[in-house]
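Remember, my numbering sits 17 above the position in the sequence shown when you count from 1. Each residue gets a CB set at the ideal place from its N, CA and C atoms; glycine is no exception.
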Amino acid sequence: MRPAILYPLFAPVGTIRGLGPKLARLVEKLAGPHVLDLLWHLPSGIVDRRFAPKVAEAPDGTVCTLTVRVDRHVAPPTTRQPYRVCASDETGTIELTYFRGQPAWLGKLFPIGAWVVVSGRVEWFNGRAQMAHPDHVAPVEEAGSIESVETVYPLVAGLASKVLRKAVQTALEAVPDLPEWQDPHWRQRQGWPSWKAALASAHSPRDEADLGLETAARRRLA
18 MRPAILYPLF APVGTIRGLG PKLARLVEKL AGPHVLDLLW HLPSGIVDRR
68 FAPKVAEAPD GTVCTLTVRV DRHVAPPTTR QPYRVCASDE TGTIELTYFR
118 GQPAWLGKLF PIGAWVVVSG RVEWFNGRAQ MAHPDHVAPV EEAGSIESVE
168 TVYPLVAGLA SKVLRKAVQT ALEAVPDLPE WQDPHWRQRQ GWPSWKAALA
218 SAHSPRDEAD LGLETAARRR LA
């Protein structure tokens, strides 16, 4: 008989809040049928959004988080051209471009005169800064909703990164405090956290070094 304390870990992935039947099938295809299988699906990378320069100081090809004022919208004459939102700070202007962008939706997302925080890859073309399809957009007062370090997981077709990250975080909330089975003195010498803490740490890397196999969290889990 499986101990009751392990029931949350061996529950079907479909029981995770926010995963409907279709998404649950994709998660099962990616990681396995149980919540524990998803918890063993560890991150493969990060997107660091902590770099927050002024527009003029944003390097080409770099992920940046910018605070800018929305100046104007430029709708394209045809759907083959991008919709442009022109924004600026005190150092320069940046064009936020959307292909097949919906004017009504973009009008609500970028009210003229409003200050917003955008995060994505900045590219320079003919001396002008551009950001195509920003990864995140938020009013300045909601800037905290943008994760400073975004965890990247291996995916399967049809499953969005945001959906998987949320499912993992929900699964982590259900992880029980298991009785320690390692010798306490030996674990202390190794510098290992508890199993639950190691699992949480492995899913919350803050830099590339935290993804290494030799971290305390990864060694503990292994």
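Residue i burial status per 10 Å Cβ neighbour count (16 or more: buried)
{"i": "residue 122", "result": "exposed"}
{"i": "residue 18", "result": "exposed"}
{"i": "residue 22", "result": "exposed"}
{"i": "residue 146", "result": "buried"}
{"i": "residue 226", "result": "exposed"}
{"i": "residue 127", "result": "buried"}
{"i": "residue 234", "result": "buried"}
{"i": "residue 73", "result": "exposed"}
{"i": "residue 239", "result": "exposed"}
{"i": "residue 129", "result": "exposed"}
{"i": "residue 97", "result": "exposed"}
{"i": "residue 206", "result": "exposed"}
{"i": "residue 34", "result": "exposed"}
{"i": "residue 157", "result": "exposed"}
{"i": "residue 151", "result": "buried"}
{"i": "residue 47", "result": "buried"}
{"i": "residue 230", "result": "exposed"}
{"i": "residue 216", "result": "buried"}
{"i": "residue 202", "result": "exposed"}
{"i": "residue 195", "result": "exposed"}
Per DSSP, cross-strand counterpart(s) of residue i
{"i": "residue 79", "result": "139"}
{"i": "residue 110", "result": "105"}
{"i": "residue 24", "result": "In the DSSP output, where bridge partners are listed per residue, residue 24 has none listed."}
{"i": "residue 250", "result": "Nothing about residue 250 can be read from this structure; the chain reaches only from 18 to 239."}
{"i": "residue 86", "result": "105, 132"}
{"i": "residue 233", "result": "In the DSSP output, where bridge partners are listed per residue, residue 233 has none listed."}
{"i": "residue 157", "result": "Paired residue(s): none; residue 157 is not in a bridge."}
{"i": "residue 91", "result": "101"}
{"i": "residue 38", "result": "According to DSSP, which records beta bridges pairwise, residue 38 is partnered with nothing at all."}
{"i": "residue 29", "result": "51"}
Beta-carbon proximity check, residue i vs residue j, cutoff 9 Å
{"i": "residue 63", "j": "residue 232", "result": "no"}
{"i": "residue 222", "j": "residue 166", "result": "yes"}
{"i": "residue 80", "j": "residue 132", "result": "no"}
{"i": "residue 124", "j": "residue 90", "result": "yes"}
{"i": "residue 173", "j": "residue 75", "result": "no"}
{"i": "residue 118", "j": "residue 99", "result": "yes"}
{"i": "residue 267", "j": "residue 25", "result": "No answer is possible for residue 267: it lies beyond the span of the chain, which begins at 18 and ends at 239."}
{"i": "residue 149", "j": "residue 114", "result": "yes"}
{"i": "residue 52", "j": "residue 68", "result": "no"}
{"i": "residue 212", "j": "residue 236", "result": "no"}
{"i": "residue 31", "j": "residue 41", "result": "yes"}
Whole-number beta carbon distance between residue j and residue i, since they are thought to touch under 8 Å
{"i": "residue 66", "j": "residue 136", "result": "5 Å"}
{"i": "residue 59", "j": "residue 188", "result": "Rounded, the Cβ-Cβ distance is 12 Å, inconsistent with contact."}
{"i": "residue 43", "j": "residue 176", "result": "4 Å"}
{"i": "residue 185", "j": "residue 155", "result": "22 Å between Cβ atoms; not a contact."}
{"i": "residue 110", "j": "residue 71", "result": "The Cβ separation is near 11 Å, so there is no contact."}
Any chain B beta carbon closer than 9 Å to residue i
{"i": "residue 37", "result": "No chain B appears in this structure, which consists of one protein chain only."}
Any non-hydrogen atom of the ligand SAM closer than 8 Å to residue i Cβ
{"i": "residue 159", "result": "In the structure shown, the ligand SAM is absent, as is every other ligand, since no ligand is present at all."}
Runs of 3 residues minimum, wholly inside the region 114-152: which ones carry the beta strand (DSSP E) assignment? Unbroken beta strand (DSSP E) runs of no fewer than 3 residues, entirely contained in the region 114-152, are found at 132-142, 145-149, following chain order.
Every unbroken alpha helix (DSSP H) within the region 174-225, with a cutoff of 4 residues, ordered by chain: 178-190, 201-207, 212-219
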